[in-house]
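In case it helps, this note's numbering puts the sequence shown at residues 101 to 487.
Note that the Cβ used here is the ideal one computed from N, Cα and C, for glycine as well.
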Amino acid sequence: MQYQEFDYVVVGGGAGGCVVASRLSEDPSLSVCLLEAGGPDSSAFIQAPLGFAATAALGIHNWNFNTTPQPGLNGRCGFQPRGKVMGGSSSVNAMVYTRGNRLDYDNWTAQGNPGWSYEEVLPIFKRAENSECFGADAYHGVGGPLNVSYLRSPSPINQAFLEACEKQGLPQTKDYNGASQFGCAPAQVTQKNGERCSAAKAYITPHLDRPNLTVITQAHTQRIVLDGKRAVGAEFLLNGKYAQVRARREVILSGGAFGSPQLLMLSGIGPAAHLKELGIPVVQDLPGVGKNLHDHVTAVLIYRTQRKESTFGLSLSGLVQIVRSIFEWRNKRSGIVTSNVAESQAFLFADKAESAPDIQLALCTGIVVTDRRNGATDVRRNGATNR
Ligand SMILES: Cc1cc2nc3c(=O)[nH]c(=O)nc-3n(C[C@H](O)[C@H](O)[C@H](O)COP(=O)(O)OP(=O)(O)OC[C@H]3O[C@@H](n4cnc5c(N)ncnc54)[C@H](O)[C@@H]3O)c2cc1C
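So this is what it looks like as structure tokens:
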């Protein structure tokens, strides 16, 4: 059988995959194929920043995963939204531009991963970024594909939040991605001209005319094709039919924290006993695959406010406000449609003995319900929740 062959096959067109496919295809002598299970990212729910609240609530452009019952959550299941569209979760996320703490990276190096120290990753962050907030300085870059800005139309309630933080001894910081993370500040967001700047928008859309870059959407990869123990391609379902692409050099897995280990296991790479239980022929026994996921828990504290002009959600008056705002966004790319909801950020210490902040706060300007048992994140107005 004849297969289309490329130098590189990148599986998963999310945050990681878009960057890798874009950077590899900068070299015109290399051919790159990017496979994405979801569709194109043209929807207004993706481009209009506030739309992400609807993508989670309606479950669109989303894998809509749920966890197994979690002992630490009294047996409850947790909703795990993940983007299923060009740009992956960067097309449905809250756009807050927050790097890890310096210590996160240094710890990775200390655990035996050379190249991941903060000093080594900082130039890469700077190269990626076009910082409208700070320009080029010790921590930020300009001219990179990923546009980072402040919100165009932040809610007035942010000021009240920042002042309240200060009254509690948490100072305002100019830049939580700078010298120190500690403090509170308006969110830096991955937006450009009042629109979402996803990894797809930053890294792929401007280069779709590269003759050496092939992007195939709706390509749900079923397994990595192996020649012995060497990855040589990917098999995917497209319009109900199986197809394959082959890689002369490498297959790069960028299916996300769930998609990548799942694909490895479907390809026979993972814990042998578990694969046998599922009837998957074992190619390589790798017990760590699909295990030890670390995630952070979000606790949602809901407060009502009379300041309706400062918040939004799904009540009748909220809908009128949103409809008006859609016109404003269409005409001027401003107004509450440019909101990322999580408009202010704060980093603080629950345990003062810690060497880095161990709590992150986000001020959300709509009520966020994230633990609905059947799973959806929901943004509603002023306490109009079902709880
Ligand atoms: C609701 C939400 C809000 C978030 N908010 C923020 C935020 O404000 N700030 C922040 O920094 N981070 C945020 N994140 C996290 C951030 O978006 C992710 O960390 C990041 O996108 C992960 O990148 P990734 O490339 O690993 O995976 P993803 O971006 O999820 O990309 C994986 C891609 O692989 C595709 N894929 C998976 N399996 C297959 C398969 N079998 N075949 C083909 N394609 C496949 C998926 O469809 C997806 O496009 C948020 C995430 C979510 C879900």
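Can you tell me which residues form a DSSP beta bridge with residue i?
i, result
"residue 427", "Residue 427 is not bridged to any residue."
"residue 397", "Its beta-bridge partners do not exist; DSSP assigns none."
"residue 360", "Note: residue 360 sits in no beta bridge, so no partner."
"residue 321", "336"
Provide the residue span of the beta strand (DSSP E) that contains residue i, from first to last.
i, result
"residue 344", "341-353"
"residue 521", "Only positions 101 to 487 of the chain appear in the structure, and residue 521 is not among them; the question remains open."
"residue 181", "From DSSP, residue 181 is part of no beta strand (DSSP E); its letter is neither H nor E."
"residue 314", "313-316"
"residue 330", "330-338"
"residue 134", "132-135"
Taking the straight line between their C-alpha atoms, what separation do you get for residue i and residue j?
i, j, result
"residue 404", "residue 383", "55 Å"
"residue 475", "residue 129", "Here residue 475 scores only 40 on pLDDT, less than 50, and its place in the model should not be relied on; the value that follows carries that caveat. Distance between the alpha carbons of residue 475 and residue 129: 46 Å."
"residue 433", "residue 295", "7 Å"
"residue 266", "residue 229", "29 Å"
"residue 292", "residue 249", "7 Å"
"residue 360", "residue 389", "9 Å"
"residue 126", "residue 269", "48 Å"
"residue 62", "residue 140", "Since the first residue shown for the chain is 101 and the last is 487, residue 62 is missing from the structure and cannot be characterised."
"residue 298", "residue 190", "5 Å"
"residue 354", "residue 113", "7 Å"
"residue 457", "residue 377", "42 Å"
"residue 225", "residue 240", "7 Å"
"residue 181", "residue 396", "14 Å"
"residue 426", "residue 132", "38 Å"
"residue 484", "residue 424", "Because the pLDDT of residue 484 is 29, which lies under 50, any placement of that residue in the model is unreliable, and the question is left without a value."
"residue 245", "residue 393", "30 Å"
"residue 137", "residue 185", "7 Å"
"residue 381", "residue 368", "6 Å"
"residue 302", "residue 329", "34 Å"
"residue 117", "residue 200", "20 Å"
"residue 482", "residue 119", "Bear in mind that a pLDDT of 35 at residue 482, under 50, signals an unreliable position, so the number given afterwards is only what the model happens to contain. Approximately 39 Å between the Cα atoms of the pair."
"residue 448", "residue 462", "12 Å"
"residue 158", "residue 400", "20 Å"
Quick one: is the Cβ of residue i within less than 6 Å of any heavy atom of ligand 2?
i, result
"residue 292", "Ligand 2 is not among the ligands present in this structure, which contains only ligand 1."
Counting along the chain, where does the alpha helix (DSSP H) carrying residue i start and finish?
i, result
"residue 205", "202-210"
"residue 223", "218-228"
"residue 456", "Note, residue 456: premise wrong, no alpha helix (DSSP H); not H, not E."
For residue i and residue j, which I take to be in contact (beta-carbon distance under 8 Å), what is that distance rounded to the nearest angstrom?
i, j, result
"residue 122", "residue 304", "6 Å"
"residue 276", "residue 398", "About 18 Å separates the two Cβ atoms, so there is no contact after all."
"residue 192", "residue 166", "About 16 Å separates the two Cβ atoms, so there is no contact after all."
"residue 319", "residue 351", "Contact flag wrong, Cβ pair sits at about 14 Å."
"residue 323", "residue 363", "7 Å"
"residue 455", "residue 284", "Contact flag wrong, Cβ pair sits at about 20 Å."
"residue 237", "residue 218", "With a Cβ gap of about 16 Å, residue 237 and residue 218 do not count as contacting."
"residue 438", "residue 255", "Incorrect: roughly 11 Å between the Cβ atoms, too far for contact."
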